[in-house]
Each structure stands twice: as C-alpha cells, then as structure tokens.
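Structure first, commentary second.
There are 2 protein chains.
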Amino acid sequence: MLRTHTCGDLRLTDKGTTVTLCGWVDSYRDHGGGLFVDLRDRYGITQVVFNPPDTPQDIIDASKDLRAEYVIQVTGKVEPRPEGMANRKHASGEIELRVTELKLLNKSKAPPVSPSESITEIPNEDLRLKHRFLDLRRPVMQRAMILRDKITKGMRDYFADLNFIDVETPILGRSTPEGARDYLVPSRVHHGKFYALPQSPQLYKQILMIAGYDRYVQVARCFRDEDLRADRQPEFTQLDLEMAFIDDDDIMTLIDGLVVKLAKDLLDIDVPTPLPRMTYDEAMRRFGHDAPDLRYGLEIVDLTDLAPQSDFGVFKSVTDAGGHVRAICVPGGANHYSRRGIDALTEFVKGLGAKGLAYFRVNEEGVLDSNIAKFFSEELRAEMGTRLDAKPGDLVLFSADKWLGTCKVLHGLRKKIGEEMKLYDPKAMNFSWVVQFPMFERTEDADNPQAIGKWSAMHHPFTAPLDDSVDHLDDDPAKCRAKAYDLIINGYEAGGGTIRIHDPEVQSKVFGLLGIDKETAQDRFGFLLEALAYGAPPHGGIALGLDRMVMLFGGFDNIRDVIAFPKTQKATDLMTEAPGLVDAKQLKELAIKTDL
Amino acid sequence: MLRTHTCGDLRLTDKGTTVTLCGWVDSYRDHGGGLFVDLRDRYGITQVVFNPPDTPQDIIDASKDLRAEYVIQVTGKVEPRPEGMANRKHASGEIELRVTELKLLNKSKAPPVSPSESITEIPNEDLRLKHRFLDLRRPVMQRAMILRDKITKGMRDYFADLNFIDVETPILGRSTPEGARDYLVPSRVHHGKFYALPQSPQLYKQILMIAGYDRYVQVARCFRDEDLRADRQPEFTQLDLEMAFIDDDDIMTLIDGLVVKLAKDLLDIDVPTPLPRMTYDEAMRRFGHDAPDLRYGLEIVDLTDLAPQSDFGVFKSVTDAGGHVRAICVPGGANHYSRRGIDALTEFVKGLGAKGLAYFRVNEEGVLDSNIAKFFSEELRAEMGTRLDAKPGDLVLFSADKWLGTCKVLHGLRKKIGEEMKLYDPKAMNFSWVVQFPMFERTEDADNPQAIGKWSAMHHPFTAPLDDSVDHLDDDPAKCRAKAYDLIINGYEAGGGTIRIHDPEVQSKVFGLLGIDKETAQDRFGFLLEALAYGAPPHGGIALGLDRMVMLFGGFDNIRDVIAFPKTQKATDLMTEAPGLVDAKQLKELAIKTDL
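Taken in sequence, the protein lines are chains A and B. To convert a position in the first sequence, counted from 1, into the working numbering, add 581. To convert a position in the second sequence, counted from 1, into the working numbering, add 581.
Listed below in structure tokens is the structure:
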C-alpha cells in the first residue's frame, strides 16, 4: 500500500506517530514560510502542513508547486492542531500532519468542475456530466454512490437471510411483455436474428418459480428504448423478486420488513408496520391518483350530488352529462393565494385539461365567497362548507369534469399546493401500499387504431385477479380487481408487483378478454405457457426501482445524481466526449461488418 | 403463506404436530389401499402418506390421480416412519406426513426431462435446455445455482467488509479496449448511433479510481460477440474490482484472502497463504503454459544443449535452426502407455502441430530405450536420464521445435496424461499466481496484414510495466514485463488483472510502441485520457470469471451447468422454444421501425 492511513482515519490518539497519506489537494493556503494543504480522499480530509522546522526546506519549496487536484503522497508526524484551530467539520479535524516527505504522484490540469469542499457553487449539469470524473469526486456525489451501495447491500442481505437465491437472468434474451420498446441487439453468429434487452426479468423469474427455486431475488438491469426524462433512464436497475406458494399479503409483509430495515439502518427512522394499505379505488377517490402523497391532507371531497342545486352552468352541464364535481379545501389557502396566485393555479389546471378553476375563499365568518358565490344559495354553500370541513381562511378549489379529468386536476393541485405551501417536512418519509388495481383498462390511444376501446392489461397479461373477482372475468371485466400492489413513497411509485395466474383456465380467459388468440399467445409467450403446463406453483413477486429508492432515501431531486454514469438529454453533444455513448464514427465500420 | 413448513424442515421433534406442505410430486407408490408420495421442493423431500385411517377415503381416492410433477398442498400430522423405514438420505427421512387434507394446486404434463431424484439417467443436453424449467428442478442444478449464489454473496461480503463500494457501470455504453467484437445496440432516440455492450467495465472502473472512489467492486455482466465454446458464453459475469494507491502485491494479497475465505466457507478447505507466485517465464519454462495445472508434476526439462551430441536428425536440425529440444518424464508411464497408447499420443501431438513424437521407455535397468535409442550414445542417454530424474518404468516424451511449439506440445501432453493417468485428486483445489507477463507480443495473425509482426499489448494498452522494466520501453520492448497477474485454479485462468499506467509519459511511450498515434488514441480512448490528465492516482485491479469460479468450486465440467439460462450451440433450433433468444419473426417488424 502506498499509505498507512486514509485521510479520514487520524485522531488525537494518533499523536506522535509517523504516517503516510495519499490523496488529492482539496485546497491550499500559502502563508509565505510554508503551505497548508487540505488533503482529500473518499474517507475524509486531513490538514497536512509544510512548515519549518518539521519540513525540510527543499520539500517546502517543492510543495509550492502543488495545485488543486494534484495527487500526492506525504509522510510525517501526527500532531494536535494549535489551540483553537481544530476543525469540527472533519473527523480528522483535531490533528494535522507535519510533513517530512512528499511525493508527487500525479498532476492535474485546472479542474473545470471543482470537487473541493471549499467551493460551494455547483456548475451546470452539462459541464458536470462532461467531466463526470471530477463531478463524481464531489463529496455529495460520493455520498450518493455510498448510499446506493448501502441500499443495495441492505436489500441483498435482507433477502439472503430469508433464503432467497440470487439468480442472474440473461441480458441478451427474448422480448418480454412489458409493452415499451425493446432495445434490439443483432447477433453476428445467428445471422439476421436479434436479441432483445430485457425490460424486466419477468418471464425468467416466473420460469424460476416453475423450476422450483421458491424464492428468487436479483438486482437486475433493465432497459427501455424510450426518451429520457428527469426521472427516467433508458437503462435502470430494479430489485426484482419472486416467491412461490404465497399470496399478495405475503409479498407486502415481506417488503414491509425491508422498508423497516432500510429506514432504520439508513435514516434512523422507525417505521410502524404493517404499512397502510389503500385500494386503488380509494386512492383515486380520496387523492385522484394511484400513488398519492400521504405526507399531507388536502383530500378530495365529492360534491356531485350538490351541484345540481346550484345555478352555476358549468357544474350543471357537467353533472347532466354524468360527470363529477369534486373539490379540495386548502387550509390557510385563502391567505396564501392572492388573486394572482389563483390566476397561476388557473393557468396550471388549464395545462391539465381543465377549462378554468372555480374556487371559494372562506371568509372570517366561515362563509364561502368568490365571484361565483351568487350561483350558490347560502344554504348550499353552508352545506358544501360542512362537507369540506372548511374553516375561515381556507381556499376551496373545484374540478368539474369526467371522473378521470377531476382526478388529474385535483391530484395536480394537491401536489403543487403541497410543495408551494410546504405542507410537509421535506425529510419525512411516508410509506404505503396501493392495492387491488383494476385488471383491465380500455385502451385510449395506440399506434393501432383498432385497439382503441378494447381491453388492455393494466399490469401484464399474467396478473391474477382477486379471488372474488374471478367471476367478473365473465360478467363484467371492468369490475375485475387484480392481486396487484404498488409501494408508494412520498407520492412516488417506488415499485409494484402482482400475483401471477397459475391456473391455465383463468389465463385462457384473460387472454380472451385481451384479444390474444391462441396462435398469438403461443407466438409471444409460448415458452412461458409451455412451462406453465408442467406444474406451476402459485407465485408472485415485486420489483422496486433502485434508482428511485436511492433518490427518495437520499433526498435527491434528480435521478441522474444517483447513477454514476447516466445517459443525458444532451447525449448527442457528449457522445464523443463523455462515457456512456458509443463513438458513432468508430463503430460505423463495425456495423458494416455486422451487416446492420 | 400456503404452507407452514418446507419439505426439508420436519424432524422427529415435530412428531404429532399438524402442518401444511406444498411441493411437487417427486415419485409415488400406489399400494392398493393408499398412496405414498415423495413431495419435493428446493429444501428437501418429505414422504406424505395417504392411508386409512388418518386419510379420509375421498382424499385417498383423489390422491390416486396424482402424477409426477403435480403441485399439491397437503395438511396432516407428522409421525415417525415405521420401524426400519427411515430414509437416511433425506434430512426429513425419519418422519412422514399422514395426510388429512389435499389440494391440487396444479397439474403437469408428463415431463420429458424428469427432475425426480429417483431417476438417475440424465437426458441429453439439447433436451435439457429445451425444457430448462424442468432441468432446473433437478437437485444437481439447484445445488449449482445455490453454490453460485453463495460464491457471489461471499465475494460481495468480503469486499464490503473491506470498504469497497459496489458501483453499477453502464451496460449501454462506449466500446472498451478489450479487442474482441462488441455487440452493438442501435439507439432509436439518437438516430444512426450505436451503443456497445461492455466487454468489461475497464474504462469505467479506471474513471471511478480517478474520481476518488478508492475501492470499487461489482459483479458485472460482460459481453463478447464471439462463437460459443464449452467454456465460453457470449454473455458472462465477472467479479470486477479496482483499487487506488496500491501496487500489484496488494491486489494479490487481497485476492489471497478471498480465496482462503471461499475455500473455507464453501469447501471446508484450508488454503495456506500467500498463494504461490510464479513468473510467466518460469511457468512457460517448467510447464509450457501460462496457466499451469500444479496438482501434479511432469515438469518440462530442457535438453537442447545435449541434443547436438546425438545422431538423431530431427533433434539436430531443430537445434541447428535455433529451436529447442525439451521433454517430460512420466513416472510409471512406460507401463501405462502400450505401443498403441504411444500411437494415440503421437496422433494427439500431431494435432498440436508436431511432426511426430520421440520417446524413450525407461527399462528395468534404468536405461532409456526405444526405436530411436540407436541415435543416442549410452552416456548421452544416461546423462539425459539423470537430468530427467528418470526411474525404471518411466516414459520420456520429447518435443523438438521452436520455443512456443515445444510449450504447446508438452503442455498438451502434460494435461492429457495428467487426466488419463489420474495424477491428481479430482476434489483437490490448487490455487496459484502467474505474474510478470510480457508487456508486448508480436502480432501473429490479424484481419489486417499490416499488423503482423508489430507489437501488440498482451493485456491492454493501459497496463503498467514493472518498475525495472520501464527502461526497456526504450531499448528492448520484448524484455518489458508487466505488473500483471493471473489467478490460476487447477490449470484454469480464473481471473487476471494489472496495475494501470497513471504516468502520462509512460502511457505515451506505450501508445508509441503499439503504433497508436495521438489522433487514434484520442479517438479511441479520449475520455479516459482526458480523465487521466486531472489527477489520476496510482491504481490497478483484477477481474475474476464468476462462471468459471463456480464451475471449479462446484466440480462441474460444463459452464452451461452453472448458468440458469445459457446460450447454446444449437441456439437456432431453440430460438422459438427456449428462453435465451429472440423470436426473429416477431422482431423483424421492430427492426424495420428501428431502421436497422
């Protein structure tokens, strides 16, 4: 080893010992007679001092050439810092190293992105990604990568203790039924054939259950050839698992235990279990969304039955057409949102498809008032106020539309107002389940116009219905609810799973509803259907998004901050400069060889 | 849960308790009045009994429909097996379950590959791969997957305890400098551009060192678009790591510790450390190969200096041309290899490029004798015998050729004879290092004829020379030895690594020797070179082949047996039937969309 200790190791108890450190020059202060250097590595910062009489003059002279990010090896004696000079920010802040030997291990050009602790300004993301090797030196990025490592290790240990087997499933394989666009990989050996990169190990993990592995887990890389977004990468990682001889409740209980462990180990938070479970229908009714943020209230109240009593044309026409009038009551919102604030909210809901934003302020007498008050009798407003539990100073915001339209608008308002009014502690973590999703939804838009209005699977065609929903496969598919469950953290879907169908008869009915005929089923899922015919146990599983888990546990806003080498929006600009994308020029030649 | 216990849980101490098990019907014996079923899951086998009076008659009747691989749930009472009927092979073999309730969870068609313990005949591999879901049920395959999980977990834990960070590097990325053919992935978003699948995370892990991560580890999926072999898959897994501020000795010491731990934990073998280290030159001299099998002797003896004293034309012409005459002495070989045996060895060495096989048998008087004895004086044969430590009954086998030719032939003979004469305990594990590989080799064959005879890097162009070899970069590149080290297990290269160049001047010299001009270097390795200019620490690492490690630790002959879903030679046959390859018909359409 080129060092005896790291830059985070030394303490007062090491006083007087001679040690060797290696690291990067985080910052330096020349004070004429000598030099102070903050030496940095992954483990911490240690002050190293080039001063007479400890440091020979030739080394002091040499030290004057040191610059930011130079890599050095220094040997010297550990001494307490002078009285009052200790730096409590660093674990090694009470000592300093009085240098007797210096070796320059490498120079650095002046860094365009400074990783130094002393620089607090963060450069723009393009520059950071272009010089990712410098960006990754920043302590906040190192914390992100270490957190990611800890979450991954915590997950793996948790499942290993429970007898799960980590099995690697292929990256080069068949297409899987997730529905997004696959990346395709031409094979040179099998001319004209392609592999697909997996969107998830779904089919493989089901086969592992059929193969008797009983409990499978994997931290799996998955791929979707889709556009980038702030929270989406074409290559992502999921904690993927599957169990046999269990039901939906067992999977949720298992994940409850994982959440308790991670929250305790990483954030020192005690999470009570079982985590709350809410049906999809309840989530849509109370929060307008299937991944509600439960860190604050602003629950939706349905006023559809009262709307016809008003003279407000908008409400009446919506309810006449079978639509809904729903509202949220924002405590203190009347003061927080001025006239201009309401205008901004109006613009916002228009972006979500609303025609406008009806509202009431609750005045000091507790009366609902606004420019539309005249359309509502005093009694009607009082009744609405009671239903909404409206208090003086509150703001009532309406959405009148079809059911899903009101969900979209009121969910959007909840989220926006939650953030703007800081209705939650940003460090709080809220975990819950949304369960019993619909089995089927009507396809609304698709490449293929013939598909519109037909049933499609809300999850995938192997999802099992609830036991008491099986009959609805025949009489009313819209009523079918699935053994499906999503883990929600702070309003984000952190993961989700389902129990799979293991009964060939049920599977055949589901395929029928989805318009998948026997030949198509055989073509697309043949090898899984084949396996299902040879003794498939009841089984189910879940996948958690690792990138998102790290983001939420670490309090990061951007998924790229928790991935060492992310793909970027400006990938084409970076293609020849940053890791992550192939140099097209170099590979064109190979592509020709491969007969692409 | 659908069960209270697994099929491996129950013991005599559970006597009298009522339990529920789930599993597969491994075998069944109808004895008229009732049925015995061996119920199997991943954890073991439990005998379940459908007999009066414990089992109601309707359940006995239903049980008669059970067939191999049916999945059932049974409830009943745990009782000791009748006197003398215990099955010591199974941990639950002393008890049986007297069934009171039966639920058929799923049927199975008659399995073309039987996973039953009672069937000892293994079907051919094509059939096994086609029905992998059944093949994977076989206990030996489950042991392979569990061993793989344990080795992986053991590695991860070992490095986590030593402060290594597990960092995920991209699968979709740039081309890396390993030299095999890359798989290419067309990007839909960046039209006309390609990603490459990594042959190793080499460049990324070097960037992580430059980024200050200090100790990186990852169980990494790697890809090479090459033909399949028995020991090679196009998609493989390596334990990949890199450290900063270390030298070659530190990496080897680290891996010594891993080997000790794995051998102890998995095989209960105590491996003494440090593992023996042998230079590349010594390995070639003594064993003719850079991955020698040290479980047995048969060391090569060089007799080039004695050859001219003989009248044997073959030897004389070879030594006249500057070639070598080398031999191995096989203890007891004279008896083991009859005339016909020698003929077979002769055919064998011809396949390795030899023109024939010169040999001596050592007779009872200790005299070297054969059809070529007449060309050698008695004294010369005695001198040879002494050098070879030849004893009565031994067999001496020669190779006369250029240096590398003799290496190839004598290594081949060593390996073949070692196996044929069973010179080692098949359960023995031998670990060692081969170190100090040449930096450069002359390119012998290449697509590009201009490359022939030019220097190429034996590892990759970032490999650092030994400190005392740096000067040879200028005066004699052939003499340059690298800070490179391979871990050898039982004659297989289980992994290898190098210390990387961190000095720009040395890197520039190496590029020069390899004929890589500045522009090419910038083109191919630009983003790494850029990173190296911003304070690169001394660093190096290693990669161990996980598939091969599992194969060697588990005593498997075939790498496909340690991979859940391997690619196969007959992949085209299996393409629409087994997991692992894309259905070409289905994907052609997508390929058109992607403008391939």
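Beta carbons are placed, not taken as given, at the ideal position from N, Cα and C, and that holds for glycine.
Inset, instruction - Would you please verify whether the beta carbon of residue 687 of chain B is less than 8 Å from any beta carbon of chain A? - result: If you number the second sequence from 1, residue 687 of chain B lands on position 106. Taking Cβ atoms only, chain A reaches closer than 8 Å to residue 687 of chain B, which makes this a yes.
Inset, instruction - Under 8 Å by Cβ, that's how I've got residue 1042 of chain B and residue 1097 of chain B pegged, so tell me the actual separation to the nearest angstrom. - result: The residue labelled residue 1042 of chain B in the question sits at position 461 within the second sequence. The residue labelled residue 1097 of chain B in the question sits at position 516 within the second sequence. Residue 1042 of chain B to residue 1097 of chain B, Cβ: 7 Å. Contact.
Legend entry - Nearest neighbour of residue 1015 of chain B, chosen from B:587, B:1138, B:1113, B:857 [CA to CA]: As a first step, residue 1015 of chain B must be located in the second sequence, where it is residue number 434. Answer by Cα proximity: B:857.
Legend entry - CB contact below 8 Å: residue 1048 of chain A versus chain B: Reading the first sequence from its first residue, position 467 is the one you call residue 1048 of chain A. It does not: the Cβ of residue 1048 of chain A has no partner Cβ on chain B nearer than 8 Å.
Inset, instruction - Consider the Cβ of residue 726 of chain B: report whether some Cβ of chain A lies at a distance smaller than 8 Å. - result: Counting from one through the second sequence, the residue named residue 726 of chain B turns up at place 145. Closer than 8 Å to some Cβ of chain A, the Cβ of residue 726 of chain B qualifies, so yes.
Legend entry - Interface residues of chain A facing residue 1065 of chain B [CB-CB closer than 9 Å]: Translated into the one-based positions of the second sequence, residue 1065 of chain B becomes position 484. In chain order: nothing, as chain A lies at least about 19 Å away.
Legend entry - Contacting residues, own chain, Cβ-Cβ under 8 Å from residue 594 of chain B (five flanking each side not counted): Taking the first residue of the second sequence as position 1, residue 594 of chain B is located at position 13. Around residue 594 of chain B: no qualifying Cβ.
Inset, instruction - Please name the residue, chosen from A:924, A:894, A:974, that lies closest to residue 956 of chain A on a Cα-to-Cα basis. - result: The count along the first sequence starts at 1 and reaches residue 956 of chain A at position 375. When only C-alpha atoms are compared, the closest one is A:894.
Inset, instruction - Drop a sphere of 10 angstroms on the beta-carbon of residue 724 of chain A, count the other beta-carbons inside from all chains shown, and report buried for 16 or more, exposed for fewer. - result: As a first step, residue 724 of chain A is located in the first sequence; it is residue number 143 there, counting from the start. Residue 724 of chain A is exposed by the Cβ-count criterion.
Inset, instruction - Name the residue from B:867, B:981, B:832, B:1000 whose alpha carbon lies nearest to the alpha carbon of residue 933 of chain B. - result: Locating residue 933 of chain B in the second sequence gives position 352, where the first residue counts as 1. Of the candidates B:867, B:981, B:832, B:1000, the one whose C-alpha sits nearest the C-alpha of residue 933 of chain B is B:981.
Legend entry - Enclosing alpha helix (DSSP H) for residue 988 of chain A [first to last residue]: Here residue 988 of chain A refers to the residue found at position 407 of the first sequence. 984-1001 is the extent of the alpha helix (DSSP H) around residue 988 of chain A.
Legend entry - Sequence-distant residues of the same chain with beta carbon closer than 7 Å to residue 712 of chain A, five excluded per side: Sequence index remark: in the first sequence, residue 712 of chain A carries index 131 (1-based). So the qualifying residues of the chain are 693, 694.
Inset, instruction - Please work out which residues of its chain come closer than 6 Å, Cβ to Cβ, to residue 1011 of chain B, disregarding the five sequence neighbours upstream and downstream, and give them in chain order. - result: Position 430 of the second sequence, counted from the first residue, corresponds to residue 1011 of chain B. Closer than 6 Å at the Cβ level, and outside the excluded window around residue 1011 of chain B, lie 875, 876, 1071.
Inset, instruction - Quickly, what does DSSP pair residue 1116 of chain B with across the bridge? List them, please. - result: Against the second sequence, residue 1116 of chain B aligns to sequence position 535. DSSP output for residue 1116 of chain B lists no bridge partner at all.
Inset, instruction - Would you kindly report the start and end of the unbroken beta strand (DSSP E) that includes residue 677 of chain A? - result: Within the first sequence, the letter at position 96 stands for residue 677 of chain A. Note, residue 677 of chain A: beta strand (DSSP E), 676-687.
Inset, instruction - Using the Cα positions of residue 596 of chain A and residue 662 of chain A, report the straight-line distance between them to the nearest angstrom. - result: Within the first sequence, residue 596 of chain A is the residue found at index 15, counting from 1. Within the first sequence, residue 662 of chain A is the residue found at index 81, counting from 1. In a straight line, the C-alpha of residue 596 of chain A is about 10 Å away from that of residue 662 of chain A.
Legend entry - Under 8 Å between C-beta atoms of residue 660 of chain A and residue 667 of chain A: For the purposes of this step, residue 660 of chain A is taken as residue 79 along the first sequence, with counting starting at 1. For the purposes of this step, residue 667 of chain A is taken as residue 86 along the first sequence, with counting starting at 1. Going by C-beta atoms, residue 660 of chain A is not nearer than 8 Å to residue 667 of chain A.
Legend entry - Reference residue 1146 of chain A; option with closest CA among A:583, A:1082, A:726: Here the question's residue 1146 of chain A lines up with position 565 in the first sequence. Of the candidates A:583, A:1082, A:726, the one whose C-alpha sits nearest the C-alpha of residue 1146 of chain A is A:726.
Inset, instruction - Report yes if the C-beta distance between residue 624 of chain B and residue 646 of chain B is below 8 Å; otherwise report no. - result: Looking up residue 624 of chain B in the second sequence gives position 43. Looking up residue 646 of chain B in the second sequence gives position 65. No. Outside cutoff.
Inset, instruction - Measure the Cβ-Cβ separation of residue 1063 of chain B and residue 1079 of chain B and say whether it is below 8 Å. - result: Here residue 1063 of chain B refers to the residue found at position 482 when the second sequence is read from its first residue. Here residue 1079 of chain B refers to the residue found at position 498 when the second sequence is read from its first residue. Yes, Cβ-Cβ distance for residue 1063 of chain B and residue 1079 of chain B is below 8 Å.
Legend entry - Residues near residue 766 of chain A by beta carbon distance below 7 Å, same chain, minus five either side: As a first step, residue 766 of chain A must be located in the first sequence, where it is residue number 185. Taken in chain order, the residues that qualify are 753, 775, 776, 778.
Legend entry - Nearest residue (CA-CA) to residue 885 of chain B, options B:801, B:974, B:964, B:814: Sequence index remark: in the second sequence, residue 885 of chain B carries index 304 (1-based). With distances taken between Cα atoms, residue 885 of chain B lies closest to B:964.
Legend entry - Backbone CA spacing between residue 1009 of chain B and residue 1008 of chain A [nearest angstrom]: Here residue 1009 of chain B refers to the residue found at position 428 of the second sequence. Here residue 1008 of chain A refers to the residue found at position 427 of the first sequence. One C-alpha to the other measures close to 55 Å.
Legend entry - Same chain, Cβ closer than 6 Å to residue 1141 of chain A, five either side skipped, listed in chain order: In the first sequence, the residue the question calls residue 1141 of chain A occupies position 560. Counting only Cβ-Cβ distances below 6 Å, and skipping sequence neighbours, we find 1147.
Legend entry - Beta-carbon gap between residue 842 of chain A and residue 739 of chain A smaller than 8 Å: The residue you call residue 842 of chain A lines up with position 261 of the first sequence. The residue you call residue 739 of chain A lines up with position 158 of the first sequence. Yes; because the gap between Cβ atoms is below 8 Å, this pair is in contact.
Legend entry - Buried versus exposed call for residue 582 of chain B [16 or more other C-beta atoms within 10 Å across all chains shown]: Residue mapping note: residue 582 of chain B aligns to position 1 of the second sequence, counting from 1. Flag for residue 582 of chain B reads exposed.
Inset, instruction - Name the residue from A:1143, A:1124, A:1110 whose alpha carbon lies nearest to the alpha carbon of residue 690 of chain B. - result: Residue mapping note: residue 690 of chain B aligns to position 109 of the second sequence, counting from 1. The shortest Cα separation from residue 690 of chain B among A:1143, A:1124, A:1110 belongs to A:1110.
Inset, instruction - Measure the C-alpha to C-alpha separation of residue 1040 of chain B and residue 1013 of chain B and round it to an integer number of angstroms. - result: Here residue 1040 of chain B refers to the residue found at position 459 when the second sequence is read from its first residue. Here residue 1013 of chain B refers to the residue found at position 432 when the second sequence is read from its first residue. Roughly 19 Å separates the two Cα atoms.
Inset, instruction - Indicate the three-state DSSP secondary structure (helix, strand or coil) for residue 1017 of chain B in the structure shown. - result: The residue you call residue 1017 of chain B lines up with position 436 of the second sequence. Three-state DSSP puts residue 1017 of chain B in coil, outside helix and strand.
Inset, instruction - Compute the distance between the beta-carbons of residue 962 of chain B and residue 949 of chain B, then report whether it is under 8 Å. - result: As a working mapping, residue 962 of chain B is identified with position 381 in the second sequence. As a working mapping, residue 949 of chain B is identified with position 368 in the second sequence. Yes, the pair counts as a contact, with Cβ atoms nearer than the cut-off.
Inset, instruction - Examine chain A for any beta-carbon lying closer than 8 Å to the beta-carbon of residue 1119 of chain B, and answer yes or no. - result: The residue labelled residue 1119 of chain B in the question sits at position 538 within the second sequence. Yes, residue 1119 of chain B lies at the interface with chain A (some Cβ there is under 8 Å from its Cβ).
Inset, instruction - For the alpha helix (DSSP H) containing residue 927 of chain A, list its first residue and its last residue. - result: For the purposes of this step, residue 927 of chain A is taken as the residue at position 346 of the first sequence. Run containing residue 927 of chain A: 920-932, per the alpha helix (DSSP H) assignment.
Legend entry - Residue span of the alpha helix (DSSP H) that contains residue 900 of chain B, given as start and end: Within the second sequence, numbered from 1, the residue matching residue 900 of chain B stands at position 319. Counting along the chain, the alpha helix (DSSP H) containing residue 900 of chain B begins and ends at 894-901.
Inset, instruction - Could you tell me which chain A residues have their CB closer than 7 Å to the CB of residue 1112 of chain B, listed as they occur along the chain? - result: Taking the second sequence and counting its residues from 1, one reaches residue 1112 of chain B at position 531. The answer, in chain order, is 714.
Inset, instruction - Per DSSP, which residues does residue 859 of chain A bridge with? Please list them. - result: For the purposes of this step, residue 859 of chain A is taken as the residue at position 278 of the first sequence. Residue 859 of chain A pairs with A:1015.
Legend entry - Extent of the continuous alpha helix (DSSP H) to which residue 733 of chain A belongs: Position 152 of the first sequence, counted from the first residue, corresponds to residue 733 of chain A. Element bounds for residue 733 of chain A: 720-742.
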